[in-house]
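Asker: Chains A and Y, in that order, are what the protein sequence lines are. Heads up, the first sequence stops at 265 in the numbering used here, and the numbers go up one at a time, no gaps. Heads up, the second sequence stops at 607 in the numbering used here, and the numbers go up one at a time, no gaps.
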Amino acid sequence: ILGGKAARRGNFPWQALTGIHGRGGGALLGDRWILTAAHTIFPKGSGRKNVSLDQLAEEANVFLGHTNVEELHKMGNHPVRRILIHPDYNPKDEHNFDGDIALLELKHPVTLGPTVLPICLPDTTNTTFYMDGHMGYVSGFGVEKNFISNDLKYVSLPAIAREKCQRWLDSKKRNIPVVFSENMFCAGFLTVKRDTCQGDSGSIFTVFDRESGRWVATGIVSWGIGCAEGYGFYTKILNYLDWIKGIVRED
Amino acid sequence: SSRVPRKLFGEITSPGYPKPYPNNNNSIWNIQVPKGYVVKLTFRYFDLEPSQSCFYDYVKVKADKKNLGRYCGQLGSTTGNHPGRKEFVSKGNRMHLAFHSDFSNEDNGTVIPYRGFLAYYQAVDLDECDPKNAPGDDEAPQCQHFCHNYAGGYFCSCRTGYQLQSDHHSCKVECSSELFTEASGYLSSPEYPRPYPEDLRCNYSIRLQKGLSIILKFLEPFEIDDHQQVHCPYDQLKIQARGREIGEFCGKKSPGRIETNSNEVDILFLTDESGFSRGWKIHYTSQKIRCPQPVPWDQFTIIRDLQPVYQFQDYFVVSCKTGYNLMEGNQKLLSFTAVCQADGTWHQSMPRCEIVNCGSPSSLTNGAFSYVSKPANNTYQSVVTYRCNEPYYQIVTGTGSERFTCSAEGTWLDEDGQVRIPACLPVCGKPVNPITEVQR
Numbered sequence: 015i016l017g018g019k020a021a022r023r024g025n026f027p028w029q030a031l032t033g034i035h036g037r038g039g040g041a042l043l044g045d046r047w048i049l050t051a052a053h054t055i056f057p058k059g060s061g062r063k064n065v066s067l068d069q070l071a072e073e074a075n076v077f078l079g080h081t082n083v084e085e086l087h088k089m090g091n092h093p094v095r096r097i098l099i100h101p102d103y104n105p106k107d108e109h110n111f112d113g114d115i116a117l118l119e120l121k122h123p124v125t126l127g128p129t130v131l132p133i134c135l136p137d138t139t140n141t142t143f144y145m146d147g148h149m150g151y152v153s154g155f156g157v158e159k160n161f162i163s164n165d166l167k168y169v170s171l172p173a174i175a176r177e178k179c180q181r182w183l184d185s186k187k188r189n190i191p192v193v194f195s196e197n198m199f200c201a202g203f204l205t206v207k208r209d210t211c212q213g214d215s216g217s218i219f220t221v222f223d224r225e226s227g228r229w230v231a232t233g234i235v236s237w238g239i240g241c242a243e244g245y246g247f248y249t250k251i252l253n254y255l256d257w258i259k260g261i262v263r264e265d
Numbered sequence: 168s169s170r171v172p173r174k175l176f177g178e179i180t181s182p183g184y185p186k187p188y189p190n191n192n193n194s195i196w197n198i199q200v201p202k203g204y205v206v207k208l209t210f211r212y213f214d215l216e217p218s219q220s221c222f223y224d225y226v227k228v229k230a231d232k233k234n235l236g237r238y239c240g241q242l243g244s245t246t247g248n249h250p251g252r253k254e255f256v257s258k259g260n261r262m263h264l265a266f267h268s269d270f271s272n273e274d275n276g277t278v279i280p281y282r283g284f285l286a287y288y289q290a291v292d293l294d295e296c297d298p299k300n301a302p303g304d305d306e307a308p309q310c311q312h313f314c315h316n317y318a319g320g321y322f323c324s325c326r327t328g329y330q331l332q333s334d335h336h337s338c339k340v341e342c343s344s345e346l347f348t349e350a351s352g353y354l355s356s357p358e359y360p361r362p363y364p365e366d367l368r369c370n371y372s373i374r375l376q377k378g379l380s381i382i383l384k385f386l387e388p389f390e391i392d393d394h395q396q397v398h399c400p401y402d403q404l405k406i407q408a409r410g411r412e413i414g415e416f417c418g419k420k421s422p423g424r425i426e427t428n429s430n431e432v433d434i435l436f437l438t439d440e441s442g443f444s445r446g447w448k449i450h451y452t453s454q455k456i457r458c459p460q461p462v463p464w465d466q467f468t469i470i471r472d473l474q475p476v477y478q479f480q481d482y483f484v485v486s487c488k489t490g491y492n493l494m495e496g497n498q499k500l501l502s503f504t505a506v507c508q509a510d511g512t513w514h515q516s517m518p519r520c521e522i523v524n525c526g527s528p529s530s531l532t533n534g535a536f537s538y539v540s541k542p543a544n545n546t547y548q549s550v551v552t553y554r555c556n557e558p559y560y561q562i563v564t565g566t567g568s569e570r571f572t573c574s575a576e577g578t579w580l581d582e583d584g585q586v587r588i589p590a591c592l593p594v595c596g597k598p599v600n601p602i603t604e605v606q607r
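#1: Which residue comes first and which comes last in the beta strand (DSSP E) that contains residue 285 of chain Y?
#2: Within a Cβ cutoff of 8 angstroms, which residues of the same chain sit near residue 365 of chain Y, ignoring the five residues on either side of it in sequence?
#3: Under 7 angstroms, do residue 589 of chain Y and residue 559 of chain Y count as touching if we go by C-beta distance?
#4: Could you give the DSSP three-state label for residue 181 of chain A: helix, strand or coil?
#5: Just checking my contact of residue 567 of chain Y with residue 523 of chain Y at CB under 8 angstroms: how many whole Å lie between their CB atoms?
#6: Going along the chain, which residues of the stretch 114-135 of chain A sit with their C-beta nearer than 7 angstroms to a C-beta in chain Y?
#7: When the cut-off is 7 angstroms and only beta carbons count, does residue 595 of chain Y lie next to chain A?
#8: Taking C-beta pairs closer than 9 angstroms, name the residues in chain A that residue 589 of chain Y reaches, listed in chain order.
#9: Taking its Cβ as the centre, do 16 or more other Cβ atoms sit within 10 Å of residue 247 of chain Y, making it buried, or is it exposed?
#10: What beta strand (DSSP E) runs, 3 residues minimum, are completely inside the stretch 370-427 of chain Y?
#11: Among Y:381, Y:547, Y:216, Y:413, whose alpha-carbon lies nearest the alpha-carbon of residue 274 of chain Y?
#12: What are the boundary residues of the beta strand (DSSP E) that residue 233 of chain A is part of?
#13: Report the start-end ranges of each beta strand (DSSP E) in the stretch 508-595 of chain Y that is 3 residues or longer and not cut off at the edges.
#14: Taking residue 69 of chain A as part of the alpha helix (DSSP H), name the residues at either end of that continuous run.
#15: Taking Cβ positions, are residue 165 of chain A and residue 30 of chain A nearer each other than 7 angstroms?
#16: Determine the chain A residues that contact residue 600 of chain Y at a beta-carbon separation under 9 angstroms, and present them in chain order.
#17: At which residue ranges does the stretch 176-219 of chain Y contain complete beta strand (DSSP E) runs of 3 or more residues, listed in the order of the chain?
#18: When you check each C-beta in the stretch 36-49 of chain A against every C-beta of chain Y, which residues fall closer than 7 angstroms?
#19: Just by C-beta distance, which residues in the stretch 145-171 of chain A are closer than 8 angstroms to chain Y?
#20: Just checking: is the beta-carbon of residue 559 of chain Y within a distance shorter than 7 angstroms of some beta-carbon in chain A?
#21: Tell me whether residue 143 of chain A sits in a helix, a strand or coil according to DSSP, three-state version.
#22: Report the neighbours of residue 533 of chain Y on chain A: residues whose CB is nearer than 9 angstroms to its CB, in chain order.
#23: Would residue 224 of chain A count as contacting chain Y if we go by Cβ distances under 7 angstroms?
#24: DSSP puts residue 37 of chain A in a beta bridge; with which residues?
#25: At the 7 angstroms Cβ level, is residue 204 of chain Y part of the contact set with chain B, yes or no?
#26: Spatial neighbours of residue 322 of chain Y within its chain, please: CB distance less than 6 angstroms, with the 5 preceding and 5 following residues excluded, ordered by chain position.
#27: Starting from residue 433 of chain Y, trace the beta strand (DSSP E) in both directions and tell me its first and last residue.
#28: Where do the ends of the alpha helix (DSSP H) carrying residue 255 of chain A lie?
#29: If you count every other CB in all the chains shown that lies within 10 Å of the CB of residue 198 of chain A, and 16 or more means buried, which is it?
#30: So, with DSSP's three-state summary, where would you put residue 323 of chain Y?
#31: Would you kindly check if the distance between the Cβ of residue 236 of chain A and the Cβ of residue 111 of chain A is under 7 angstroms?
#32: Quick one: is residue 257 of chain A near chain Y, going by C-beta distance under 7 angstroms?
#33: Can you find a C-beta in chain Y that's less than 7 angstroms from the C-beta of residue 176 of chain A?
#34: Assuming the contact rule is C-beta atoms closer than 8 angstroms, residue 215 of chain A and residue 39 of chain A should be a hit. Round their C-beta distance to whole Å, please.
#35: Output needed for residue 433 of chain Y: all residues of its chain with C-beta closer than 6 angstroms, excluding positions within five of it in sequence on either side, in chain order.
#36: Ignore the nearest five residues each way along the sequence and tell me which others in residue 202 of chain Y's own chain have a CB closer than 6 angstroms to its CB.
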């Protein structure tokens, strides 16, 4: 997180720290699902192409319940039973993060408490959270000023209108031909140095729903061109609700 | 002497008859007829020298060790003892005849030829049944009950219920194996109400079908030899039911009415060699055997359609009040029926009713239950309520509620009758310590 603040315990009780191909983030859904980005599991251009999801699940580490990485490690990892990656995600296509969403099922449900609580999913019909300027918060254990963070940080960012995102991307396109699909949205600033960065991937973009008084997950940290050099891009959770619920509802 | 052949009749004559008998002659005849006959003898011709007291010549008749007379003379003579047409009859089957002649038969120097005698004997059937023909005064009659004479003998018979003994004379009551199988009837001591015979060993058995109970009712008079100090030392009336001793009775006080509770009763009547009591008579009847009235162990037991009396083959059904289980030992019964058996017992004992215990309520993950009802236990109608660990979990109850009651079926049910307990679902998006921005 660049330009953010240190989170205190209980500010983002859904925040998960993952360790699969390096550091990543995630958010607790219910009491045994972790919502994250697919590229934390199958990074673009990864060398381990033949590894199976079962093997990855066996190797994956998930930590919950603290804002300090060392403390999280001391609390012990939560073993993963299985990993589900959205079928649209293509790890071979380095310039297309469409479908960058995954679910990790924990082997054992976690006991909820002040420092471990799930995040809510958005209402299917509510697009207000994605309107231009709608503020949200992203937390993460990712890079801050070139250093990997030892504490959970957060930053508040506005959602940006789709046209603005596209326009900004087009201005960068000559150098980086990345696809900006309908399943993404962008947030952040062009000049202010507040953004998410490497190691924050999989963490979620949340908004506070004043009607219900609940925090709702709207995006997943997906990709960006550098860090704090423009808008960041997030997987648009609203478009994947059916897929998420289809899996989570099985149990 | 000569032995007369054993014939049914015959003639005996003096030596040389019809010529005059010789002097100095002694002749003896032993007449014997078959047993069962007597000898009847008559003189058809008799002509012996007459003398005072038949001193010279004579015929002597003996029978049964008695002298039946000494005879001599001629028909119409004034001296001597002419037998005339006298019939000599023995009591036994033998008769003895002796003839004697002296050295002469002269009368004033003249020899008189006396021709002797011709006797005719015949066997006459003896009526042994006639008391007059009893062998001796001190001996018992020929037959104890009935005497039947026939030519050459007799036989005895007994009254109904008596049996002729091996001595062919005495009669004894045959009562050693009297069997009664009718549902009701009478039985009595022999000769009742006249005094019963001596030395009885009577055994009366009443055998009815299973499930019937025999009732004995003694009729008056009741009279069995007894003793004021010792219990029934002489004659005894013993009553047993299926080998179980009911009583031993004597005296003049009737046992009255006895319910034996058995379908098999044996009555033994033993008497000694003396006494003059009139005996006893029983009217027996039968009714279906009764079982004890079923009594519940507790106030929760219900006996369906309780009857005032339970007899053989009757049954009763037991159930429990709602919320109680039928128990036999540690085993739970689905139903219970007891049948009255032929021996008057129930085929299984009364069960008890135990309050239903639902066991500990299912534990709730991330939640707990607490008892609403007092005392806090798991029995019928106990109530618990579930709650979740708030604020991190919220309770989901489906259609029912979080209140569960221990049902009569032994399961915890909610108000909709559902078994499924609530669930504690995570509460999302509500951090206890959310971020707050102060600086604007």
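Yeah, the Cβ is synthetic: ideal placement off N, Cα and C, and Gly gets one too.
Answerer: With the structure as the only source:
#1: 283-292
#2: 438, 439, 440, 441, 442
#3: no
#4: helix
#5: Not confirmed; about 20 angstroms, so no contact.
#6: 125, 126, 127, 128, 131, 132, 133, 134
#7: yes
#8: Chain A residues near residue 589 of chain Y: none, gap ~15 angstroms exceeds 9 angstroms.
#9: buried
#10: 379-385, 403-408, 411-416, 424-426
#11: Y:216
#12: 228-238
#13: 519-522, 534-538, 550-555, 560-563, 570-573, 590-593
#14: 67-73
#15: no
#16: 22, 23, 24, 25, 27, 128, 129
#17: 176-180, 192-199, 204-214
#18: 44, 45
#19: 151, 168, 170
#20: yes
#21: helix
#22: 45, 123, 125, 126
#23: no
#24: A:33
#25: No chain B appears in the structure shown, which is made up of the protein chains A and Y.
#26: 315
#27: 431-437
#28: 255-262
#29: buried
#30: strand
#31: yes
#32: no
#33: no
#34: 7 angstroms
#35: 372, 407
#36: 260
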